[in-house]
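Going down the list, the sequences are from chains B and U. If you read the first sequence in the numbering used here, its first letter stands for residue 1, the second for the next number, and so on. If you read the second sequence in the numbering used here, its first letter stands for residue 1, the second for the next number, and so on. Since the structure comes first, as structure tokens, the remarks are kept for the end.
Protein chains: 2
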Amino acid sequence: MKQGLLTDRQKEVLRYRKKGLTQQQIAEIIHTSKANVCTIEKAAVENIARARETLEFLYTLDGTHLCTLQQGLDLLKAPEFIYAEAEKRGLKVKYDTISLINRLRDANPERFSGRQVREDVEIYISKDGDIYFG
Amino acid sequence: MKQGLLTDRQKEVLRYRKKGLTQQQIAEIIHTSKANVCTIEKAAVENIARARETLEFLYTLDGTHLCTLQQGLDLLKAPEFIYAEAEKRGLKVKYDTISLINRLRDANPERFSGRQVREDVEIYISKDGDIYFG
DNA sequence: AGGTGGTTAAGGGAAAGTGTTTAAGTTTAT
DNA sequence: ATAAACTTAAACACTTTCCCTTAACCACCT
């Protein structure tokens, strides 16, 4: 069975980083350029984000598809829309308006720019009213 | 930024599976062989395991210092030493003797020459028994 | 003996990921 | 303003993953 997502190199950099070393210091220790350390660290952070996203998907499997936030939609209007769709199914979203907006933006920062939805976002809901994204 | 670990194909299979379809049925729907569906599903499950492992690593990032391999130590005696130290802390090293020696040498080739430790090497251990170096 | 559901192995072509260098850019702190 | 810390982009060799096919194998079940 395969290891985790992070390469040995990436783990190494993260550990040194955790200790508070600069990229330059790490570069000297592992004998490469600081630019490379930066790249490796960035890749590591991305891999961690991908791991999170992957497990998010599992929740969408348990939940049912609720609706789609269409490209161009005002983010501030999303909660009202989501609440309405949930009510149609007799479900109560377990986030208030503010929390929901935050959750939307936090879950997929690159899919929202300012108040705008940049690309279609699939919304899923579980029986207990938790919200997930596809 | 890239999406999650799972490919579209893998998600597709997982969704059908969740609905209770057999691999044969899915194979017909997505126009391929059941062997392929099996392979894709297996890859998906592996990817999910990798995602979990990756996030596990984050929690163990702040591992504790285990011991120091002192300069001049015979590399072949290192594993026994490390095992003993780990046991003192109630931790089980997740590498057998051979794997551990390889990991030691691979991690920092310049710190070992032949069977000898050239300079002190700090050993760290995480809660899941993974070993890394300072 | 068939039928069904699942798994494995070998192999191939396309695609994606990794580590690296070089070279440029930005932010931040002294 | 200078240096240090950090980020980004492009290009490269190399390795790995992904999806696919074919062919075989195992465990049930009636």
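Note that the Cβ used here is the ideal one computed from N, Cα and C, for glycine as well. Every value quoted in this text rests on a predicted model; they were computed, and no experiment measured them.
Residue-chain proximity (residue i, chain B), Cβ-Cβ < 8 Å
i	result
N47 of chain U	yes
E12 of chain U	no
K127 of chain U	no
F112 of chain U	no
K42 of chain U	no
R9 of chain U	no
K34 of chain U	no
Interface flag, residue i vs chain U, CB-CB below 8 Å
i	result
Q3 of chain B	yes
A27 of chain B	no
E53 of chain B	yes
K77 of chain B	no
G133 of chain B	Here the sequence assigns Phe to residue 133 of chain B, which means Gly is not the residue at that position. With 8 Å as the cut-off, F133 of chain B does not count as an interface residue toward chain U.
L6 of chain B	yes
L66 of chain B	no
Residues of its chain near residue i, where Cβ-Cβ distance is below 6 Å and the 5 sequence neighbours each way are ignored
i	result
Y59 of chain B	Y132
P79 of chain B	T97, L100
N47 of chain B	L5, L6
A51 of chain B	L5
R105 of chain B	F112
C67 of chain B	E85, I123
L69 of chain U	A78, V117, V121
Cut-off 8 Å between Cβ atoms - residues of its own chain near residue i, not counting five sequence neighbours on either side
i	result
Q71 of chain U	V117, R118, E119, D120
Sequence-distant residues of its chain with Cβ nearer than 7 Å to residue i (five each side left out)
i	result
L73 of chain B	V117
S94 of chain U	Position check: residue 94 of chain U holds Lys in this sequence, whereas Ser was assumed. Closer than 7 Å at Cβ, skipping near neighbours: D128, G129, D130.
H65 of chain U	E122, Y124
V13 of chain B	I26, V37, I40, E41, A44
R9 of chain U	I40
V24 of chain B	A quick correction: the sequence has Gln, not Val, at residue 24 of chain B. Excluding sequence neighbours, Q24 of chain B sits near K34.
R115 of chain U	D74, L75, L76
Y83 of chain U	V93
R103 of chain B	Y95, I131
I30 of chain U	E12
The ligand ZN heavy atom lying under 7 Å from the CB of residue i
i	result
V13 of chain U	Although the ligand ZN was asked about, the structure shown includes no ligands whatsoever.
Chain B contact residues for residue i, given Cβ-Cβ distances below 9 Å
i	result
L61 of chain U	K11, L14, R15, K18
Contact list for residue i against chain U, beta-carbon separation under 8 Å
i	result
L58 of chain B	I48
Checklist line | Near-chain U residues of the segment 87 to 109 of chain B - C-beta to any C-beta below 7 Å | finding: Here the close residues number zero.
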